[in-house]
Structures are given as C-alpha cells and as structure tokens.
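Protein chains in written order, with our numbering: chain C, 1 to 111; chain S, 112 to 225.
Before any comments, here is the structure.
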C-alpha cells in the first residue's frame with residue numbers, strides 16, 4: 001500500500017515564526033511531490049511542486065526533498081495568520097497519473 | 112476557462128434519490144480526476160479520465176457510483192440511490208498531462224444526503 005504520512009497537528013506557531021511541515025512517503029518510485037493548501041470549506045490550491053533533491057524557494061515558501069530519506073518538507077517563513085490552513089502533501093509515482101495524498105497537517109498561526 | 116468549475120456548489124437530497132455532479136476542466140487539460148473528501152478527512156481518489164476514457168475506476172466506492180466524460184471536456188459523476196454515507200465534498204481536478212503533472216482543483220460540490 002503506497003502511503004503518504006503527515007502529522008495531523010494542529011501545529012501552532014506565533015506570527016512571524018517559521019512553520020515547518022513534514023511529510024514522508026513509502027513508494028521509492030515517487031518522482032513528483034506537491035504541497036497544497038486548503039482553507040476550511042475550500043478546495044486545495046497548489047503551493048509548491050518539487051521534483052529534485054534539495055530546496056526550492058518561492059517567496060516565503062521553501063520545499064525540501066530528500067529522496068534517500070523519502071522525506072518532503074515545507075517551510076513557511078514569516079508566518080502570517082492568513083497562512084492558517086490545512087497543508088496537504090502529495091506524491092506521484094513515476095509514470096503514473098495517480099497522486100497519493102496525505103491526510104494533511106493543520107497549521108495555526110497565532111497573532 | 113480560467114479554472115476548473117463545478118456545479119452545483121451545494122446539493123441537498125433525500126436518501127434514495129439520484130444525483131449528478133458536473134465538472135468543467137481547464138480548457139486543454141487532458142486528464143480529469145474525481146475525489147471525495149469527507150468532513151475532516153483527506154482526499155479519497157474516485158476515478159481518473161484520460162480524454163474520455165477511464166483507465167482507472169478502482170476508487171469508485173460501489174456500483175451506485177458512475178462517471179463519464181465527453182471528449183476532453185465536461186465530466187459528470189452520478190450517484191444512484193444516495194445513502195447518508197455519501198455525504199461529502201466531491202472535488203474535481205484537471206491536469207494538462209496525465210503523468211505526475213500538477214492537478215488544479217475546482218471549488219467542489221458539497222453533497223448532503225438527508
């Protein structure tokens with residue numbers, strides 16, 4: 001069974017701090033990884049995609065991938081209350097169409 | 112269109128009735144996905160379309176669920192003889208390609224079965 005695991009949280013951080021969200025995946029054949037943000041009652045929206053080992057930065061967001069450890073993380077710098085949401089990690093095995101989604105980590109940024 | 116659209120946004124129905132949910136993908140996107148999300152839960156894959164064929168229907172919970180797609184356009188998800196456990200948000204996503212490409216989600220249809 002291919003799985004993506006996330007801590008459900010909530011992860012609470014003060015405003016302005018760095019929020020670190022983590023995800024592990026079981027299928028070593030996974031090649032593409034995605035972070036989605038989902039506000040309560042809304043649909044998921046893409047934050048970042050990452051395909052290669054290392055870091056990928058986009059504004060306040062940095063995705064980190066370590067394929068050897070089968071680990072993906074998302075760092076949010078200067079966290080804002082508006083970042084409070086559930087963050088979904090997804091992995092896509094090579095050559096397949098099917099994402100495997102984690103159940104999400106709920107982030108609360110405290111003003 | 113600018114994004115994936117779904118209709119209706121909300122649907123309340125009585126147990127035993129049939130419902131039809133619609134998804135309009137982003138123009139030009141060949142792949143289309145349906146997911147179910149129960150309250151407080153993660154995304155549950157239902158079915159995937161590549162063009163108008165559905166190579167993987169493995170996620171459909173029962174034979175009461177069916178889906179079709181017209182070409183690389185609109186898809187409908189039909190639930191027959193709805194049950195209370197069918198209550199959930201049904202999300203549609205589309206992607207330009209089929210393999211490991213970014214999926215873009217619609218706003219979802221919230222289905223409530225009384």
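Where is the CB? At the ideal position from N, CA and C, for every residue including glycine.
Pairwise C-alpha distance: residue j and residue i
i	j	result
residue 2 of chain C	residue 100 of chain C	7 Å
residue 67 of chain C	residue 181 of chain S	38 Å
residue 187 of chain S	residue 134 of chain S	6 Å
residue 52 of chain C	residue 36 of chain C	18 Å
residue 212 of chain S	residue 54 of chain C	20 Å
residue 46 of chain C	residue 69 of chain C	24 Å
residue 185 of chain S	residue 14 of chain C	44 Å
residue 82 of chain C	residue 114 of chain S	23 Å
residue 168 of chain S	residue 154 of chain S	16 Å
residue 84 of chain C	residue 164 of chain S	38 Å
residue 166 of chain S	residue 160 of chain S	7 Å
residue 115 of chain C	residue 142 of chain S	With chain C covering 1 to 111 only, the question about residue 115 of chain C has no answer from this structure.
residue 216 of chain S	residue 9 of chain C	24 Å
residue 27 of chain C	residue 93 of chain C	7 Å
residue 4 of chain C	residue 63 of chain C	16 Å
residue 225 of chain S	residue 123 of chain S	7 Å
Under the three-state DSSP convention, the category residue i falls into
i	result
residue 81 of chain C	helix
residue 57 of chain C	strand
residue 268 of chain S	Lying outside 112 to 225, the shown extent of chain S, residue 268 of chain S is not represented and no answer is given.
residue 66 of chain C	strand
residue 15 of chain C	coil
residue 8 of chain C	coil
residue 103 of chain C	coil
residue 205 of chain S	strand
residue 122 of chain S	strand
residue 137 of chain S	coil
residue 180 of chain S	strand
residue 167 of chain S	strand
residue 226 of chain S	The displayed coordinates of chain S run from 112 to 225. Any statement about residue 226 of chain S would go beyond what the structure contains.
residue 218 of chain S	coil
residue 172 of chain S	coil
residue 147 of chain S	strand
residue 88 of chain C	strand
Nearest candidate by alpha-carbon position, reference residue i, set the options
i	options	result
residue 162 of chain S	S/214, S/177, S/173, S/139	S/139
residue 49 of chain C	C/26, C/83, C/88, C/27	C/88
residue 31 of chain C	C/57, C/97, C/59, C/5	C/97
residue 174 of chain S	S/116, S/217, S/158	S/158
residue 120 of chain S	C/42, C/102, C/110	C/42
residue 176 of chain S	S/150, S/206, S/131, S/136	S/131
Any 3 or more C-beta pairs closer than 8 Å across the segment 76 to 95 of chain C and the segment 18 to 26 of chain C
yes
Any contact between the segment 133 to 153 of chain S and the segment 196 to 210 of chain S? By contact I mean 3 or more CB pairs, one from each, below 8 Å.
yes
Are three or more beta carbon pairs between the segment 208 to 225 of chain S and the segment 183 to 200 of chain S nearer than 8 Å?
yes
Kindly confirm or deny that the segment 127 to 137 of chain S and the segment 183 to 196 of chain S touch, where touching means at least three C-beta pairs closer than 8 Å.
yes
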